[in-house]
Amino acid sequence: MFNGDSLFYSRLLTELTLSFHIIYATIGVGVPLMIMIAQWVGIRKNDEHYILLARRWARGFVITVAVGVVTGTAIGLQLSLLWPNFMELAGNVIALPLFMETFAFFFEAIFLGIYLYTWDRFEDQRKHLMLLIPVAAGAAFSAVFITIVNAFMNSPQGFDIVNGELVNINPIIAMFNPAMPTKVAHVVASAFMTSAFVLASIAGFRLLKGSDHIYHKKALFLTMKIGLIFSIATAVIGDFSGKYLADYQPEKLAAAEWHFETSGDAPLVLFGKLDNGEVKYAFEIPKALSILAYSKPSAEVVGLDQFIEEEIPPLYIHYLFDIMVSVGMWMTLLSIVFLLGSNRNWTFVHTKWFRRLIVLGGPLSILAIEMGWWLAEVGRQPWILYGIMKTSDAATSSGQVDLMLVLFAGLYIILAIGSVVVLSRMFRSNPVERELEDRQAEKGGVVR
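Below, the structure written as C-alpha cells:
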C-alpha cells in the first residue's frame with residue numbers, strides 16, 4: 001500500500017474507527033439501563049429469571065465496555081494525529097466536554113466494578129440495585145458529553161474569531177449550542193432502542209434454536225417492550241431533528257431528501273435514483289417534507305438551488321436517511337405486532353419465521369445506527385467545523401496515514417473476533433439452565 005492522499009486516508013480511517021466504535025459505544029450506553037430494568041422487575045416480582053437476566057447481561061456488558069475503551073482511546077488519538085489543524089483551532093473549546101466524558105466513564109466504571117463484586121452480598125437486593133443508578137447515569141452522560149462535541153461541530157458558538165483563531169471562549173455556551181438538545185436526545189434514545197432490540201435478537205435466537213425456556217421468553221417480551229418505547233421516542237426526537245436542520249443546516253436536509261428547488265408543499269422523497277439530476281422510481285409522500293421541516297403542509301422548504309455546488313453535501317446521504325428511517329419504522333411495527341400478539345395469544349408471533357424477523361432486528365438496528373452516524377458526518381461535509389473550517393483544511397499532511405489505516409483495521413478485526421469468541425464461550429460454557437440449577441441449590445428453593 002503506497003502513500004496517497006492523506007486527506008482521503010484520514011477520512012477513511014476516521015470513518016472506520018467511528019463505525020466500529022459506535023457498535024460497542026451504543027451497547028455500552030444502552031445495556032446498563034436494560035440491566036437495571038431487569039433487576040428492578042425481578043425484585044418487584046420476586047422472579048429469579050429477571051434477576052438472572054440482569055446478572056448475565058452484566059457479564060457480557062463488561063466485555064463490550066473493554067472493547068469500547070480501546071476504540072474510544074483510538075478516536076481520541078486520531079483526533080490529534082489525523083486532524084491536527086482542527087484540534088489547534090477548536091481544541092480549547094471541546095476540551096471541557098471531552099474531559100467530562102472521561103469523568104463520566106470513570107464514574108460508571110467504578111460503580112460497575114462495585115456492582116459486579118457485590119452480587120449476593122446484600123440481603124436486600126434493592127440496595128444492590130441502587131449501585132446500577134450511577135452505572136446507567138455514567139453511561140448515559142458519557143454519551144451526552146461526547147455527543148455535545150459533535151453537536152458543536154455542527155453548530156459552533158461560544159467564541160469570537162480573531163485573525164483566524166478562536167478567542168474569548170465560553171465553553172458553557174459552546175456546549176449548549178442549538179444542535180445539542182436534539183442530537184443528544186436522539187443519540188441516547190436510539191442507543192436504548194438499539195440495545196433493547198439487540199438483546200431481543202439474542203433471546204429470539206435462543207428460542208429459534210430450540211430452547212423453549214421461560215427465561216428466554218421473558219427476556220424477549222421485556223426487551224421488545226423497551227425497544228418499542230424507545231423506538232417511538234427516537235421517531236419523535238427525529239422529527240425535532242428535522243426541524244433543527246431546516247433552520248440551521250438546510251443544505252443537509254435538502255441533500256438528504258433530494259429537494260433540489262426551493263418550494264412549498266414539499267414532498268418527502270424515499271429511495272429512488274438520480275438520472276441526470278432527475279429523481280426516478282422514488283416513493284413520495286405529499287407535503288411530508290414541509291411538515292417535517294416546519295409542521296405546515298404548505299411551508300416553503302429551502303432547496304439545493306440556494307447553495308453553491310462546493311458546499312452541497314454528497315447526495316448519497318439520501319439513501320443513508322432512507323435506510324435509517326425504514327429500519328426504525330420496521331422495528332416499531334415488528335415490536336407492536338409481537339406485543340399485541342403475545343397479549344392476545346396470536347400463535348404466529350411464536351412461529352419460526354416470525355422469530356427469524358426478531359433475530360434479524362438486532363443487526364438491522366445496528367445498521368440503522370451506522371446509517372444515522374454516517375448521515376450526521378457525511379451530511380456536514382465539506383465542513384469539519386460548520387461554516388468555519390473545511391475538512392480539507394483540517395487534515396494532517398503526513399504520508400503515513402495509509403499505514404495507520406492498515407494497522408488500526410487489523411486491530412479492529414482482532415477486537416471484533418476476540419469479543420465474539422469470548423462472549424460466545426462465556427455463555428455457552430454456562431447455560432441458563434445450569435445457572436438456574438446452581439442458584440436453586442444455593443438458595444434451597446425451586447427455580448424453573
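First residue of the sequence shown? That's 1 in the numbering used here, and the numbers climb one at a time after it. In this text, a Cβ means the ideal position worked out from N, Cα and C, and glycines have one as well.
Asked, Found
"Buried/exposed call for residue 5, threshold 16 Cβ in 10 Å", "exposed"
"Contact between the stretch 182 to 200 and the stretch 235 to 253 (3+ Cβ pairs under 8 Å)", "yes"
"Helix, strand or coil at residue 447 [DSSP, three-state]", "Reliability of the predicted coordinates at residue 447 is poor, the pLDDT of 46 falling under 50, and the value obtained from them is presented with this limitation in mind. Residue 447: coil per DSSP, three-state reduction."
"Cβ neighbour criterion (16 or more within 10 Å) applied to residue 410", "exposed"
"Which of helix, strand or coil DSSP assigns to residue 105", "helix"
"Backbone secondary structure at residue 406 - three-state DSSP", "helix"
"Given residue 430 as reference, the closest of 42, 114 and 52 once Cα atoms are compared", "52"
"Alpha carbon of residue 3 to alpha carbon of residue 396, nearest angstrom", "For residue 3, the predicted model reports a pLDDT of 39, less than 50, meaning its position is unreliable and no value from the coordinates is stated."
"heavy atom of the ligand PLP below 7 Å from residue 91 C-beta", "Summarising the ligand content, the structure contains no ligands, and the ligand PLP is consequently not present."
"Span of the alpha helix (DSSP H) around residue 198", "180 to 208"
"Beta-carbon proximity list for residue 320, same chain, < 6 Å, skipping 5 on both sides", "371, 374 and 375"
"Residue closest to residue 284, alpha-carbon to alpha-carbon, out of 298, 278, 266 and 275", "266"
"Short Cβ contact (8 Å threshold) for residue 301 with residue 289", "yes"
"Residues near residue 335 in its chain [Cβ-Cβ closer than 7 Å; skip 5 each side]", "224, 227, 228 and 231"
"Where the beta strand (DSSP E) through residue 353 begins and ends", "No beta strand (DSSP E) contains residue 353, which is instead part of the alpha helix (DSSP H) from 352 to 378."
"Collapsed DSSP secondary structure at residue 397 in the structure displayed", "coil"
"Beta-carbon contacts of residue 394 that lie in its chain and below 7 Å, excluding the five residues immediately before and after", "83, 85, 86 and 384"
"Any beta strand (DSSP E) of 3 or more consecutive residues that is wholly inside the stretch 134 to 188", "160 to 162 and 165 to 167"
"Residue 50 beta carbon less than 8 Å from that of residue 273", "no"
"Straight-line gap, residue 213 to residue 94 (C-alpha atoms, nearest Å)", "49 Å"
"Cβ pair residue 306, residue 154 closer than 8 Å", "no"
"Pair within 8 Å by beta-carbon distance, residue 234 and residue 113", "no"
"Spatial neighbours of residue 356 in its chain, beta-carbon cut-off 7 Å, leaving aside the 5 residues before and after", "208"
"Proximity of residue 359 and residue 205 at Cβ, strictly below 8 Å", "yes"
"Whole-angstrom distance between residue 74 and residue 415, CA atom to CA atom", "13 Å"
"Limits of the unbroken alpha helix (DSSP H) element including residue 491", "Because the chain spans 1 through 448 in this model, residue 491 falls outside it and cannot be assessed."
"Beta carbon of residue 10 nearer than 8 Å to that of residue 401", "yes"
"Beta-carbon separation (whole angstroms), residue 449 vs residue 18, contact threshold 8 Å", "Nothing can be reported for residue 449, as the shown portion of the chain is limited to 1 through 448."
"Minimum C-alpha distance to residue 135 - residue among 196, 37 and 97", "37"
"Collapsed DSSP secondary structure at residue 301 in the structure displayed", "strand"
"Extent of the continuous beta strand (DSSP E) to which residue 383 belongs", "383 to 385"
"Separation of residue 287 from residue 299, as counted between CA atoms", "9 Å"
"Neighbour-count burial assignment, residue 446, 16 or more Cβ in a 10 Å radius", "Because the pLDDT at residue 446 is just 48, under 50, the model does not fix this residue reliably, and the value given afterwards should be weighed accordingly. Classification of residue 446: exposed, given that the 10 Å Cβ count is below 16."
"Delimiting residues of the alpha helix (DSSP H) encompassing residue 296", "That residue, residue 296, is in no alpha helix (DSSP H); it is neither H nor E in DSSP."
"Backbone secondary structure at residue 278 - three-state DSSP", "strand"
"Cα-Cα separation, residue 65 to residue 108", "10 Å"
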